[in-house]
Each structure stands twice: as C-alpha cells, then as structure tokens.
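Participant: In our numbering, the protein residues as written are 1309 to 1438.
Every residue gets a Cβ at the ideal spot worked out from N, C-alpha and C, and that includes glycine.
Fair warning: this is a prediction, and the values are worked out from it, not measured in the lab.
Right, I'll just put the structure down here and ask away after.
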Amino acid sequence: MSYELTGKLVAKYDTVQRTGTFKTREFVVEKSEDIGGRTITNFIKFQCVQDKTSIVDRVNAGDEIKVHFNIKGTRWEKEGKVNYITNLDAWRIEQILNPNASEITGNSEYLEPLDTFSATSPDAVDDLPF
1309 MSYELTGKLV AKYDTVQRTG TFKTREFVVE KSEDIGGRTI TNFIKFQCVQ DKTSIVDRVN
1369 AGDEIKVHFN IKGTRWEKEG KVNYITNLDA WRIEQILNPN ASEITGNSEY LEPLDTFSAT
1429 SPDAVDDLPF
C-alpha cells in the first residue's frame, strides 16, 4: 500500500553506505495543518534505499514537494530484547511548481516525477508490461 504527503523539504542528508550492497538516504519534510483554528506543524523523516537514494538530488531545501512512500515495519531482536522499527520508504518525489495554484484551480502544478528515465537515451525502450 502506498501513501503520499505534500510539504516543504527542510533537510536532506548524504547517502550512507550501510553494507557493501545496501545504502540509504534520509530527508525531512515539514507539513503544517490547521486543526481547530491552530496551526500544527510536523516534521516527517523519510528514507530512500538503494537506487532511490538519488530522487532527492533535484530538489532543494524550501521546495514544495509531494512524496510517494510506503510504510515498512521490521521486528528486530538482540540479546533477548525485541524492538519494532517503522520506516517511511520514499520511492518517488514530485516538485510542486506552483503550490498556490490549488487554491485557484483546485489542482497543483507538478514537475515530472524525479525518478523517471530522464537520464536514459532517447532511443531507450520502455518494455515494462504496466
């Protein structure tokens, strides 16, 4: 199941090589909501793994973005103690060009998703069945 969240990018961190074959990268999005006349601000930390660590390269702190993510949970046990870890695994980011457009037209304007095939040659063939 996937989710999405729109907010302002406030921090992005360097890629960390966890093992010889596994790497992660984290970033933080600020999301403010008006609840009962009060503005509540949350800071949500996401992680990207493996080939998705580069999806935050094309956005900067202060940019409005839409993050597509999955919620992942893991059970971890060490020395008889059990711990549960939850991660928000981002797999796509869209930069919002005009965040105020939704107030006027009902739709925000987005750039092309930042994980598409823009780095491939124009002769590349998309042979995915979906």
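Among Glu-1372, Thr-1314, Thr-1349 and Ile-1393, which residue has its Cα nearest to the Cα of Leu-1405?
Facilitator: Nearest of Glu-1372, Thr-1314, Thr-1349 and Ile-1393 to Leu-1405, Cα basis: Glu-1372.
Participant: Is it buried or exposed, Arg-1333, if we count other Cβ atoms within 10 angstroms and call 16 or more buried?
Facilitator: Result: buried.
Participant: Can you find the residues in the same chain that come closer than 6 Å, C-beta to C-beta, to Val-1357, ignoring five residues on each side of it along the sequence?
Facilitator: Excluding positions up to five away in sequence, the list reads Thr-1332.
Participant: Sort out for me which residues DSSP pairs Trp-1384 with in a bridge.
Facilitator: Answer by DSSP bridge pairing, in chain order: Asn-1391.
Participant: Cutting at 8 Å between CB atoms, please list the residues of its own chain near Ile-1412, excluding the five before and the five after it.
Facilitator: Unreliable placement is indicated for Ile-1412, whose pLDDT of 48 sits below 50; the coordinate value is still reported in the next sentence. Correct list: empty, nothing qualifies.
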